[in-house]
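J.:
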Amino acid sequence: MADIKLTLVVACALVDADKRVLLAQRPEGKALAGLWEFPGGKIEPGERPEETLIRELHEEIGITVSEPCLAPLTFASHAYETFHLLMPLYICRRWEGMVVAREGQNLAWVRPNKLRDYPMPPADIPLLPHLMDLLL
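For the sequence shown, position 74 matches number 69 in this note's numbering, and the numbering has no gaps at all.
1) Tell me the rounded alpha-carbon separation between T2 and G29.
2) Going by CA-CA distance only, name the one from L48, H79 and P44 that's closest to L9.
3) For F78, count the other beta carbons within 10 Å of its own beta carbon; 16 or more makes it buried, fewer makes it exposed. Which is it?
4) If you measure between the beta carbons of G41 and V94, is that distance less than 8 Å?
5) Identify which residue in P83, A26, M115 and E76 has its Cα closest to the Cα of E46.
6) Roughly how many whole angstroms lie between the Cα atoms of L52 and L110?
7) Would you give the residue range spanned by the alpha helix (DSSP H) that I56 belongs to?
8) Could you give the DSSP three-state label for K109: helix, strand or coil?
9) On a CA-only basis, which of L80, L65 and E55 is nearest V4? Give me that one, please.
10) When you compare only the Cα positions, how much space is there between S72 and A118?
11) Tell me whether P34 sits in a helix, a strand or coil according to DSSP, three-state version.
12) How would you write the range of the alpha helix (DSSP H) that P67 sits in, first residue to last?
Encoded structure:
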């Protein structure tokens, strides 16, 4: 059997006071461009998932999140053609600063019952029922 590379990524469902969830659209030139996903990114060597999220949320959308505000919700385990993705999904309801697209990506605040209207990468889709159960 071929060696499958395991890729660790962490994502965050930011939930605002109206129970809307932030989605970011993958920019042109990236794999899966045009699809919508939860903000987050690759876990760097020596980094804990919470540290990655704090860093990525600041880099991507300009907000400051403190670790106690990150709660693990569920995770995705998905086999892509060239790698296997393992992605914990955290939920966050409190942060500092305004959400701004710092990398030119489109952002959308989406009601839980409309999340399925946004095309997503295959790994993200199984996360939706968990999030919808929590918010609806």
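Positions of the beta carbon are idealized from the N, C-alpha and C atoms, including for glycine. Since this is a predicted model, take the numbers as computed values, not measurements.
T.: Result, derived from the coordinates:
1) In the sequence shown, counting from the first residue as 1, residue 2 sits at position 7. In the sequence shown, counting from the first residue as 1, residue 29 sits at position 34. Between T2 and G29, the C-alpha separation is close to 21 Å.
2) Within the sequence shown, the letter at position 14 stands for residue 9. If we check each option's Cα against that of L9, L48 comes out closest.
3) In the sequence shown, the residue the question calls residue 78 occupies position 83. Counting Cβ neighbours within 10 Å, F78 comes out exposed, since fewer than 16 surround it.
4) Counted from its first residue, the sequence shown places residue 41 at position 46. Counted from its first residue, the sequence shown places residue 94 at position 99. No, they are not a contact pair.
5) In the sequence shown, counting from the first residue as 1, residue 46 sits at position 51. When only C-alpha atoms are compared, the closest one is P83.
6) Start at 1 with the first residue of the sequence shown, and residue 52 comes out as number 57. Start at 1 with the first residue of the sequence shown, and residue 110 comes out as number 115. Going from the Cα of L52 to the Cα of L110 covers about 20 Å.
7) Within the sequence shown, numbered from 1, the residue matching residue 56 stands at position 61. Run containing I56: P44 to I56, per the alpha helix (DSSP H) assignment.
8) Within the sequence shown, numbered from 1, the residue matching residue 109 stands at position 114. Correct three-state label for K109: helix.
9) Translated into positions along the sequence shown, residue 4 becomes position 9. Among L80, L65 and E55, the Cα nearest to that of V4 belongs to L80.
10) If you number the sequence shown from 1, residue 72 lands on position 77. If you number the sequence shown from 1, residue 118 lands on position 123. Answer to the nearest angstrom: the Cα atoms are 7 Å apart.
11) For this step, residue 34 is matched to residue 39 along the sequence shown. DSSP places P34 in coil when its eight states are reduced to three.
12) Counted from its first residue, the sequence shown places residue 67 at position 72. Unbroken run through P67 is the beta strand (DSSP E), L65 to A74; no alpha helix (DSSP H).
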